[in-house]
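K.L.:
I have a structure here, written as structure tokens, and I will follow up with some questions on it.
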Amino acid sequence: MLAAVCDSIALSYQQAVARAKPCLTCKRGPKHAPGSRLERQLLLRLCELGWLFKKVQQHTHGWYDKTAEGTIRQAFGSALQRELADFYRLLATLEMQAKQAPARPRQPGGADGAVYLTLRRLTVWLAEPLLRMRWLALMADHVADVKGGALVRAIDSLAQHGDPFVRACVTRVLHHVCAPLLDMIRKWLFDGRLENAPGEFFISAHPSDSGTGGALWRSRYWLEAGMMPPFISPDLARQILRTGKSINFLRDCCMDAEWMQSSTRTNLAAAATQLTYGQAGALERVVQETSSSIDRHVIDIMMNKYRFVLHCDAIKRYLLLGQGDFIQALMDLVGPDLNKRAADISEYSLNGSLDAAVRASSAQYDEADILDRLHVKLDRHAASETGWDVFTLRYEVAEPLATVLPASAMTSYLRVFRLLWGLKRVEHTLARTWHLLNAMQRQLAVLNTLQRKHGIACPGSDAVWVELRHCHSIRNEMAHFCANLQNYIMLEVLEAAWTTFMSKLASVNDLDDLIAAHTDYLATLLRQSLLDSACAPGHPDSKTDVLKELHILLRIILDLLGPITRLHEAVELATSEVRTRARLQEERTAVGAWGSRAADKRPEGISADNLQDTRSSLQRITREYSQHQRLFMQLLLSQPHVDVRFLMFRLEAFQAK
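Residue numbers for the sequence shown, in full-length UniProt numbering: 1 to 657.
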């Protein structure tokens, strides 16, 4: 009966599996089971092997042919098939031993004709395959619901075992399983291609995203943390991701194939084909060398071919008002148009003024490529808005520059432009008020001379001197505020941030570093220019934004022009009236008549109502300006940014007043 059992196991695996169930489930075993307890235990081991074999075979069923399962899962199925093939070969050997082995030679004290392949010997022969089959079944159960890099990580966790046999068995499987994963890494590193089933590789892409540039670099590809194999660290995974993105960036955005055709890529790709599981150090070296090579090429393309620094400098000079003569010429040309209602302004006409400003300044010597990117655009406007409210200067950038200078960055530049343009408008308005005040002062001097010389009384002229001194006082205070604020932004913010930005650009290693350097530069501009600042939490004025107060102050300063213009017109009219009367007196005197006659109408001069309106307007403007200026200073004190607080030292002279 023992020989029959051994022959059955050796010749027919299915019969061994069929016998495994009753042997495992029945306490007393089948009727044909050997009577010895030892023999039953040995047979149970053999039946366990058959049951495990069947279990592993069921796991591998269909994996090798189903592409939907992914190449890594197929590779695992193939590795199990290889292990089962080794077991098949062992069964074939045992079958041959059972059929062809001669009887064991007679031993002293033994019987003749004993069978060589006994149940005990068969158990010894199958002890190692049994252990291997146990681990194969454990691996199959362990990865039943995972795939891709997660499958590799699950199997690798089983390799962390103290038994050399177990470790070798699992490692042998991992060599097969990691082959397609390493192939995916090679294709991504050197071709920028993702050819894996969805959710298998640790890098994923939007299947419907065909955009380039910023979308390609920022959102098209991302890391799947759950799919990272254990031999790839997060830093290495990010480096692999950036390398493949750089290839796609060069191909799709820069239209550059130089690196793809370089000998460096060819040599590194050849070295990568030799990588297998267990060579994590070699893989890291290949990734680092490949990444460094392509990163240097990307930076070279951006800096030299597409002249990134030149365009940043153009943005600084035009959008951030660094080109002083051009900005002044533009302000003079578009100022009259911008005083109109926004609905009455032609964008075409403003672009003509822009071209004229370029020709009238040193901007005419800039490259045509830079000047062609510069244009005027009017934002959407409400019916009550003027041209000043909707005027913007734009600088167009295309790929690959738009990857570093995306639409969001250009919008931030536009915010800085609006602030600086508003300050420039206020400066222009204060200059206009200064001219009006000086002209008024000269006219009053002429008026006083005419009054003394010809004895013509001009009502209200003496009171104008009081208002004139008031106007000079408040205007100088406003000019001091605007000049210091503008100098702070232009020198301590823009120039300091630009210097830091240039120093960072000198040490960038890849496109991510370039984007980060520009992002930090832009964030510094916004933060220190009060464009992202609000009161600290808990401050009594926390509902009031610093920028809002600044805009209120600028609006109040603009309001100063109105009463000064009206007062100037009144003085000009009075001076003209007195001058006309003086000329008439001179003509009469020249013919020997009396210069003055009782019937002559007395000059109206500057009416008391006009003076009162002007005085009331100036008092209101002075009061509102002082109130909001004090609040603005208080809000500066509450700012969390130390650099912004330095502005307070420039403006503290106002507190003394």
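By construction, the Cβ of each residue, glycine as well, lies at the ideal position given by its N, Cα and C atoms.
Is the segment 230–249 in contact with the segment 277–289, if contact means three or more CB pairs nearer than 8 Å?
P.N.:
Cβ pair count under 8 Å is three or more, so yes.
K.L.:
Does I606 come out as helix, strand or coil in the three-state DSSP assignment?
P.N.:
The answer is coil: DSSP assigns I606 none of H, G, I, E or B.
K.L.:
Let's see if you can read the secondary structure: which residues bound the alpha helix (DSSP H) around R343?
P.N.:
Looking at the sequence provided, one finds Ala at residue 343 rather than Arg. No alpha helix (DSSP H) holds A343; DSSP gives it neither H nor E.
K.L.:
Determine which residues share a DSSP beta bridge with S204 and list them.
P.N.:
Partner(s): W222.
K.L.:
Is the number of C-beta pairs between the segment 342–361 and the segment 401–408 that are closer than 8 Å three or more?
P.N.:
Output reads no: the segment 401–408 does not touch the segment 342–361.
K.L.:
To test your reading of the DSSP string, which unbroken alpha helix (DSSP H) runs of 4 or more residues are found completely within the segment 348–412?
P.N.:
Listed in chain order, the complete alpha helix (DSSP H) runs (minimum 4 residues) inside the segment 348–412 are 368–372, 387–390 and 401–404.
K.L.:
If you count every other CB in all the chains shown that lies within 10 Å of the CB of E195, and 16 or more means buried, which is it?
P.N.:
Per the 10 Å Cβ criterion, exposed.
K.L.:
Taking the continuous alpha helix (DSSP H) assigned at W217, which residues delimit it?
P.N.:
No alpha helix (DSSP H) holds W217; DSSP gives it neither H nor E.
K.L.:
Checking 8 Å against the spacing of the C-beta atoms, do E477 and L567 come in under that value?
P.N.:
Contact: no.
K.L.:
Report buried or exposed for E83, applying the criterion of at least 16 other Cβ atoms within 10 angstroms of its Cβ.
P.N.:
E83 comes out buried.
K.L.:
Please give me, in chain order, every unbroken run of the alpha helix (DSSP H) with length at least 4 that falls completely inside the segment 437–507.
P.N.:
Here the runs fully enclosed are 461–487 and 496–505.
K.L.:
If I'm right that I155 touches M139 with Cβ under 8 Å, what's the distance once you round it to whole angstroms?
P.N.:
At roughly 6 Å, the Cβ-Cβ gap stays under 8 Å, so I155 and M139 are in contact.
K.L.:
Please state whether the Cβ-Cβ distance between F190 and L223 is less than 8 Å.
P.N.:
Cβ distance not < 8 Å, so F190 and L223 don't count as in contact.
K.L.:
How should K316 be labelled, buried or exposed, when 16 other C-beta atoms within 10 angstroms of its C-beta is the threshold for buried?
P.N.:
Result: buried.
K.L.:
To the nearest angstrom, report how far apart Y348 and V309 are at their CA atoms.
P.N.:
When rounded, the distance between both Cα atoms is 30 Å.
K.L.:
Between L174 and chain C, is any beta-carbon pair separated by less than 8 Å?
P.N.:
Any reference to chain C falls outside this structure, which holds one protein chain only.
K.L.:
Is it buried or exposed for F165, if we count other Cβ within 10 angstroms and need 16 for buried?
P.N.:
Per the 10 Å Cβ criterion, exposed.
K.L.:
Identify, in the order they occur along the chain, each residue of the same chain with its Cβ nearer than 8 Å to the Cβ of V177, setting aside the five sequence neighbours on each side.
P.N.:
Cβ within range, chain order: I72, A75, F76, A79, L151, V152, I155 and Y277.
K.L.:
Would you grab the beta carbon distance between L216 and A137 for me? Rounded to a whole angstrom, and I think it's under 8 Å.
P.N.:
Between A137 and L216 the Cβ distance is about 45 Å, and since that is not below 8 Å, they are no contact.
K.L.:
Roughly how many angstroms separate the alpha carbons of Y318 and T266, rounded to a whole number?
P.N.:
Using only the alpha carbons, I get a separation of about 44 Å.
K.L.:
Output needed for S461: all residues of its chain with C-beta closer than 6 Å, excluding positions within five of it in sequence on either side, in chain order.
P.N.:
Cβ neighbours of S461 beyond the five flanking positions: L447.
K.L.:
CA-CA distance, E427 and H480?
P.N.:
So the alpha carbons of these two residues sit roughly 10 Å apart.
K.L.:
Look up L131 in the DSSP assignment and say whether it is helix, strand or coil.
P.N.:
It is helical.
K.L.:
Grab the span of the alpha helix (DSSP H) containing Y521 for me, first residue to last.
P.N.:
Unbroken alpha helix (DSSP H) run through Y521: L511 to Q528.
K.L.:
Quick one: Cα of G110 to Cα of Q57, how far?
P.N.:
In this prediction, G110 scores a pLDDT of 47, lower than 50, which makes its location untrustworthy; no coordinate-derived value is stated.
K.L.:
To the nearest whole angstrom, what separates the beta carbons of L236 and E284, a pair I think is in contact under 8 Å?
P.N.:
Rounded, the Cβ-Cβ distance is 6 Å, consistent with contact.
K.L.:
Count the other C-beta atoms from every protein chain shown that fall within 10 angstroms of the C-beta of E652, then say buried if there are 16 or more, exposed otherwise.
P.N.:
It counts as exposed.
K.L.:
What is the DSSP secondary structure of T565, reduced to helix, strand or coil?
P.N.:
Reduced to three states, the DSSP call for T565 is helix.
K.L.:
Classify R475 as buried or exposed, calling it buried when 16 or more other Cβ atoms lie within 10 Å of its own Cβ.
P.N.:
Per the 10 Å Cβ criterion, buried.
K.L.:
Got a sec? Which residues, its chain only, sit under 6 Å from residue 658 by beta carbon, not counting five neighbours each side?
P.N.:
Residue 658 cannot be examined here, being either before or after the span of the chain that is shown, 1 to 657.
K.L.:
What whole-angstrom Cβ distance do I564 and T433 have, given they're in contact under 8 Å?
P.N.:
Right, their Cβ atoms sit about 5 Å apart.
K.L.:
If you measure between the beta carbons of L158 and V146, is that distance less than 8 Å?
P.N.:
Cβ atoms of L158 and V146: not closer than 8 Å.
K.L.:
From N487 to L560, what distance separates their C-alpha atoms?
P.N.:
In a straight line, the C-alpha of N487 is about 22 Å away from that of L560.
K.L.:
Apply the 10 Å Cβ neighbour rule to M302 and answer buried if 16 or more other Cβ atoms are within range, or exposed otherwise.
P.N.:
It counts as buried.
K.L.:
Consult DSSP for C178 and reduce its assignment to one of helix, strand or coil.
P.N.:
Looking at C178 - three-state DSSP - the assignment turns out to be helix.
K.L.:
Just checking, does the segment 387–397 make contact with the segment 507–523 on the three C-beta pairs under 8 Å criterion?
P.N.:
Flag = no, the segment 387–397 and the segment 507–523 do not touch.
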